[in-house]
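Heads up: the structure comes next, in structure tokens.
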């Protein structure tokens, strides 16, 4: 924390109107396994400082991985030499009163912090055993599983220290762990793949056997997949596919995208953009959330932001720059991936508010439909100007309320707004995929492009 304060003080003494220093110190472990043997173990510590200076509405950023007084002073001097050559922008700002200040030490706000010290304390050898167990679980789930394509265990523990010349100063820890498995299954000449990923905020909550088993089941269930004829039928969206869709939507709810005219949702505040059952929330203070933190990447307090309420668009996500540009307040959504990047607007813990009913109950209410479990190139498949989409997909046919056979070699098509407004049931099974959560939900009708 002393180095962050030193950087800010040095910048002010050198003539900066305002300054900010962000230090991150991260220890991470990644273990790759193949053929029941460890392939690689990467245990890395990455630490450094990023500094921003503001002078005459010109903003400059630089970073270094050398955490010494001399190195920090050198970064500051280099910034002051180059900031004069940058373009001025009236919206350039270092967060302060306009963003709000979280009083007291950030680390004391335990309710806003997701941190399990065991993630760092557990010996690497135990983590290696978990990674091997993950792959073994996948390979042993079924005799039809013929190979492992990817098996990874990973975790990280980070400490963030931030200070600026507007009175923001503090630190907080965070940690998370997770794993992924992708396997291939075969039945004669038919080969299919399946995967599963899970991230947890507590070491004890990560079950490698579950991840491996679900990856294997996803592969085996797709054996025998075939195309179907083109048709218009009801659609049920799995939680994983729902989370991918929400990730696309929230990118369009960035105030930066809106202000640059690149968002489908520009100019739609207080407009109906989805069905009445659709409630989309970004919550930087969600208890136990993977991205829960007391403040964002520039020190603005995080918050709960209802984005879409009963189908009506109510808010965009802001950082301090876009908030000043839009004459509003930051929503605490400046996201930084580490000291070497100044970051940008992004979600914290984003989720679709769950409704009632299990996935089985939603599927059980459909006579003939399609259950979507895979979408290839989802983001590329949605036109960012019109919202029209055609996405290669896979899943299962629904017949008389039951999943019958796997489907591949088809596409789903339509328009994003029509799709959102046709959502008719939202389940209770909210499932998280990293920091994005979605329950199962259904759509009244979707166009299936299939075999001729």
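Numbering (the numbering used here), first residue to last: 202 to 653. For each residue, glycine too, the CB sits at the ideal point set by N, CA and C. This structure is a prediction, so every number in the text was calculated from the model and none was measured.
In the structure shown, residue 642 adopts extended strand secondary structure according to DSSP, grouped into three states. Per the Cβ contact rule, the stretch 221-230 is in contact with the stretch 242-250 (3 or more Cβ pairs under 8 Å). In this structure, the CA atom of residue 481 is about 44 Å from the CA atom of residue 278.
The Cβ atoms of residue 459 and residue 514 do not sit closer than 7 Å to each other.
For residue 391, the uninterrupted beta strand (DSSP E) run begins and ends at 391-401, by DSSP.
Measuring C-alpha to C-alpha distances from residue 383 to each of 369, 408, 339 identifies 339 as the nearest.
Rounded to the nearest whole angstrom, the CA to CA distance from residue 577 to residue 589 is 16 Å. The Cβ atoms of residue 415 and residue 397 lie closer than 7 Å to each other. Residue 266 sits in coil when the DSSP states are folded into three classes, being neither helix nor strand.
Linking residue 610 to residue 365 through their CA atoms gives a straight-line distance of about 54 Å. Spanning the alpha carbons of residue 395 and residue 510 requires a straight line of approximately 35 Å.
In the three-state reduction of the DSSP assignment, residue 251 falls in the strand class.
Residue 409 and residue 355 have their C-alpha atoms spaced approximately 11 Å apart. The Cβ atoms of residue 399 and residue 317 lie no closer than 7 Å to each other.
Bounds of the alpha helix (DSSP H) holding residue 203 are 203-214.
In this structure, the beta-carbon distance from residue 476 to residue 527 does not fall below 7 Å. Around the CB of residue 286, fewer than 16 other CB atoms lie within 10 Å, so the residue is classed as exposed. Under the DSSP assignment, residue 456 falls in the alpha helix (DSSP H) whose first and last residues are 456-460. The three-state reading of DSSP puts residue 414 in helix, counting H, G and I together.
The continuous stretches of alpha helix (DSSP H) do not include residue 489, and DSSP gives it neither H nor E.
Counted as a single uninterrupted DSSP element, the alpha helix (DSSP H) harbouring residue 620 occupies residues 617-622.
The stretch 262-270 makes no contact with the stretch 228-242: fewer than 3 CB pairs, one atom from each, lie closer than 8 Å.
If you compare the alpha carbons of 310, 255, 292, 295 with that of residue 284, the shortest gap goes to 255.
Cβ contact annotation for residue 602 (same chain, cutoff 8 Å, sequence separation greater than five): 564, 565, 566, 567, 568, in chain order. A straight-line Cα-Cα distance of about 29 Å links residue 217 and residue 359. Non-local C-beta neighbours of residue 498 in its own chain, meaning closer than 6 Å and more than five positions away in sequence, comprise 535, 536, 537, 544, ordered along the chain. Annotated three-state conformation of residue 347 is strand, per DSSP. Note that the C-beta distance between residue 219 and residue 259 is not below 7 Å. When DSSP states are grouped into helix, strand and coil, residue 309 belongs to the helix group. C-alpha of residue 505 to C-alpha of residue 522: approximately 19 Å in a straight line.
In the structure shown, residue 537 adopts coil according to DSSP, grouped into three states. Residue 419 is classed as buried because its beta carbon has at least 16 other beta carbons within 10 Å across all chains shown. Distance from the Cα of residue 370 is smallest, within the candidate group 208, 618, 306, for 306.
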